[in-house]
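Here is the structure we will look at.
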Amino acid sequence: MPAFLATLLGSSAVMSVLSIGYLASAPYLSKRYSAKWLYYIWLIVILGWILPFWPKLQHQLLPVSIPELPVIPVMEEANLAAGVIQHAASIPLWWIIGGVWGIGAAVILAYNVWRHQRFLRLVNRWGEDVTDPKALLLLESLQEDMNIRKQVRLLSCSFITSPMMVGFFRPMILMPSLPMDADELAFVFRHELIHYKQHDLWYKSLVLVTTAVHWFNPIVYVMAKSIEVQCELSCDERLVRETSLEQRQRYSETIISLIKRGTKLQTSLSTHFYREGNSVRTRIFRIMDNTPKKTGISLLCFALVVIMGARMVFAFSPANQEIVAGTAKQESLYKQKKKQIIDVDVQRLEGRAMVPMAGTYSLQAGDKVRYDIRTESGSQDFVIKLVLQDNTGSEHKETWLAMPKQGLEITEEQAGSYCVFVYNKQETPLHGIQGFIKIIR
Numbered sequence: 023m024p025a026f027l028a029t030l031l032g033s034s035a036v037m038s039v040l041s042i043g044y045l046a047s048a049p050y051l052s053k054r055y056s057a058k059w060l061y062y063i064w065l066i067v068i069l070g071w072i073l074p075f076w077p078k079l080q081h082q083l084l085p086v087s088i089p090e091l092p093v094i095p096v097m098e099e100a101n102l103a104a105g106v107i108q109h110a111a112s113i114p115l116w117w118i119i120g121g122v123w124g125i126g127a128a129v130i131l132a133y134n135v136w137r138h139q140r141f142l143r144l145v146n147r148w149g150e151d152v153t154d155p156k157a158l159l160l161l162e163s164l165q166e167d168m169n170i171r172k173q174v175r176l177l178s179c180s181f182i183t184s185p186m187m188v189g190f191f192r193p194m195i196l197m198p199s200l201p202m203d204a205d206e207l208a209f210v211f212r213h214e215l216i217h218y219k220q221h222d223l224w225y226k227s228l229v230l231v232t233t234a235v236h237w238f239n240p241i242v243y244v245m246a247k248s249i250e251v252q253c254e255l256s257c258d259e260r261l262v263r264e265t266s267l268e269q270r271q272r273y274s275e276t277i278i279s280l281i282k283r284g285t286k287l288q289t290s291l292s293t294h295f296y297r298e299g300n301s302v303r304t305r306i307f308r309i310m311d312n313t314p315k316k317t318g319i320s321l322l323c324f325a326l327v328v329i330m331g332a333r334m335v336f337a338f339s340p341a342n343q344e345i346v347a348g349t350a351k352q353e354s355l356y357k358q359k360k361k362q363i364i365d366v367d368v369q370r371l372e373g374r375a376m377v378p379m380a381g382t383y384s385l386q387a388g389d390k391v392r393y394d395i396r397t398e399s400g401s402q403d404f405v406i407k408l409v410l411q412d413n414t415g416s417e418h419k420e421t422w423l424a425m426p427k428q429g430l431e432i433t434e435e436q437a438g439s440y441c442v443f444v445y446n447k448q449e450t451p452l453h454g455i456q457g458f459i460k461i462i463r
């Protein structure tokens with residue numbers, strides 16, 4: 023978990039810088055490059071956000087130190103066969119942060135999936151298949167022109183005011199209950215079919231996943247909004263390619279006429295013919311701009327090299343020992359602090375007698391058993407022994423482990439399920455035996 027969070031936070035920081043840089047340069051690039059390729063560059067950026075485990079250098083060029091986080095102790099009581107004992111566990115702050123991140127990501131994904139499913143239920147319940155033969159014939163003709171073999175369903179929905187497309191595997195164009203002439207229908211159908219050709223619904227799914235994974239980073243929401251606008255610009259550009267100025271003006275008027283009514287209901291996993299806000303003004307200017315634009319293949323390759331290079335330089339990866347050294351140390355401390363403490367409080371223990379303290383424990387090879395037990399007189403002589411009694415098999419067998427003051431590390435031969443006892447080796451009674459026994463994993 024610590025290494026994963028270090029990688030996630032590092033990835034988020036690096037991609038935030040690159041995304042801000044691309045956002046800042048977008049107005050300049052849009053005057054010279056095709057909207058289609060600027061849209062695909064965002065796809066490369068998205069992959070940089072959600073694919074944290076990129077190729078890495080063997081040595082980190084820019085060292086990054088991970089601060090040590092405190093350990094929050096958590097105490098719990100457990101009733102055991104021999105009485106009530108306290109177990110001390112410790113949870114590093116990394117795990118708490120990881121839990122908060124996981125809950126946030128799950129909530130965002132669950133909310134958007136629920137919202138989309140609710141919208142589809144409304145469509146199935148209230149949507150009506152369009153029966154107008156002219157509209158159906160126009161849609162079929164456009165599909166043939168665009169070489170779309172998948173049958174696209176056409177529905178009329180009274181609860182929407184913007185045409186949109188939904189459905190990953192069974193695409194549907196949803197139309198509002200608004201009067202449209204043949205030219206407006208042609209613009210709307212072609213626009214939504216272009217979204218289908220560009221696989222924009224799958225693209226939007228990647229953006230949604232990125233938003234959920236990096237929900238704590240405000241830059242990701244700005245980026246998602248910019249991608250949404252760029253998606254419409256790329257679609258508009260393809261639609262008005264090789265059209266006259268009059269056709270571009272007519273297309274712009276179609277967008278403006280639908281904007282006046284506003285959108286009633288939306289879903290994240292759909293395409294929309296228009297979006298409200300300043301993006302509409304940008305769309306109109308771009309639609310009317312018929313100056314030739316450069317293809318952005320070289321720009322896309324440059325973006326890919328920059329993103330991969332930045333990720334390799336910073337090397338935010340769990341495999342990089344330099345970056346995760348701090349987190350590995352925290353993980354080691356956590357494992358060392360994962361222990362069970364058995365309190366010892368015996369007022370009197372007869373000679374050659376033993377008293378059960380707790381159990382049963384499953385001890386593994388490498389587990390450490392340590393203790394600090396004193397008598398009333400303060401003696402720490404080895405008259406006090408810790409007895410680990412094996413009670414897992416059908417035969418009752420006792421294993422006596424003489425323990426030095428520094429404790430005992432369980433070997434492969436000693437591994438098993440045990441109960442813990444305190445034993446008096448002497449013939450005379452002992453009084454006021456107090457202390458603790460730790461079992462550390």
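Per my numbering, residue 23 is the first one in the sequence shown, and the count goes up by one each step. The C-beta atom is built at its ideal place from N, Cα and C for all residues, glycine as well. Keep in mind that this is a model prediction, so the values were computed, not measured.
_Checking 9 Å against the spacing of the C-beta atoms, do serine 439 and tyrosine 393 come in under that value?_
no
*When we look at the beta-carbon of arginine 212 and count the other beta-carbons within 10 Å, is it buried (16 or more) or exposed?*
buried
*Expected contact under 8 Å - CB spacing of isoleucine 471 and leucine 200 to nearest Å*: What the structure shows of the chain is the stretch from 23 to 463, and residue 471 is not part of that stretch, so it cannot be assessed.
*Enumerate, from N- to C-terminal direction, the unbroken alpha helix (DSSP H) stretches of 4 or more residues contained entirely within the stretch 131 to 199.*
155 to 167
_Taking DSSP's pairing of strands, which residues face lysine 460 in a bridge?_
Ile363, Arg392
_If contact is defined by three or more beta carbon pairs under 8 Å, each pair taking one atom from either stretch, is the stretch 158 to 175 in contact with the stretch 270 to 281?_
no
*Under a three-way DSSP split, which group does histidine 453 fall into?*
strand
*Could you have a look at methionine 202 and say whether DSSP puts it in helix, strand or coil?*
coil
*Label valine 262 either buried or exposed according to how many other C-beta atoms from any shown protein chain fall within 10 Å of its C-beta, with 16 as the threshold for buried.*
buried
_When you compare the stretch 438 to 458 with the stretch 367 to 386, are there three or more beta-carbon pairs, one atom per stretch, that lie closer than 8 Å?_
yes
*Kindly confirm or deny that the stretch 166 to 181 and the stretch 140 to 148 touch, where touching means at least three C-beta pairs closer than 8 Å.*
yes
_Among Leu385, Lys53, Glu206, Leu45, nearest to alanine 246 - alpha-carbon criterion_ = Leu45
*Where histidine 221 and leucine 73 are concerned, what is the direct C-alpha to C-alpha distance, given to the nearest angstrom?*
20 Å
*Which residues mark the beginning and the end of the alpha helix (DSSP H) in which tyrosine 55 is found?*
No alpha helix (DSSP H) holds tyrosine 55; DSSP gives it neither H nor E.
*asked:* My output table needs one value for valine 262: the three-state DSSP class, helix, strand or coil.
replied: coil
_Through-space distance from tyrosine 55 to lysine 316, alpha-carbon basis_ = 5 Å
*Would you mind sorting threonine 397 into buried or exposed? The rule is 16 or more other CB atoms within 10 Å of its CB.*
buried
*Report the partner residues of arginine 370 according to the DSSP bridge assignment.*
His453
_Measuring only the C-alpha atoms, how far is cysteine 253 from tyrosine 61?_
6 Å
*How is leucine 430 classed by DSSP in three states: helix, strand or coil?*
strand
*Over what stretch of residues does the beta strand (DSSP E) that includes leucine 385 continue unbroken?*
376 to 385
*Do isoleucine 432 and alanine 387 have their CB atoms nearer than 9 Å?*
yes
*From this set, Thr313, Phe191, Arg303, which residue's C-alpha is nearest threonine 265's C-alpha?*
Thr313
_Local Cβ density within 10 Å of lysine 20, reported as buried at 16 or more and exposed below that_ = Nothing about residue 20 can be reported from this structure: the residues present for the chain run from 23 to 463 only.
*Between Leu164, Leu267, Gly126, which lies nearest to alanine 208 when the distance is taken from Cα to Cα?*
Leu164
*By Cβ distance, which residues of its chain are closer than 8 Å to serine 248, with the 5 residues on each side in sequence left out?*
Leu45, Ala48, Trp64
*My understanding is that lysine 53 touches serine 256, with C-beta atoms under 8 Å, so please give their C-beta distance in whole angstroms.*
Not quite, the Cβ-Cβ distance comes to about 15 Å (not below 8 Å), so this is no contact.
_DSSP-derived helix/strand/coil call for leucine 438_ = The amino acid occupying residue 438 in the given sequence is glycine; leucine does not appear at that position. It is a strand residue.
*Which partner residues does asparagine 312 have in the DSSP bridge list?*
Asparagine 312 pairs with nothing; no bridge assigned.
_Cβ neighbours of isoleucine 241 in the same chain (closer than 7 Å, five flanking residues each side left out)_ = Ser38, Ser41, Ile42
*Apart from the five residues just before and just after isoleucine 66, which ones in its own chain have a Cβ nearer than 8 Å to its Cβ?*
Leu322, Ala325, Leu326, Ile329
*For phenylalanine 238, does the three-state DSSP call read helix, strand or coil?*
coil
*asked:* What does the alpha-carbon distance come out to for the pair serine 34 and glycine 70?
replied: 9 Å
*From leucine 385 to isoleucine 363, what distance separates their C-alpha atoms?*
14 Å
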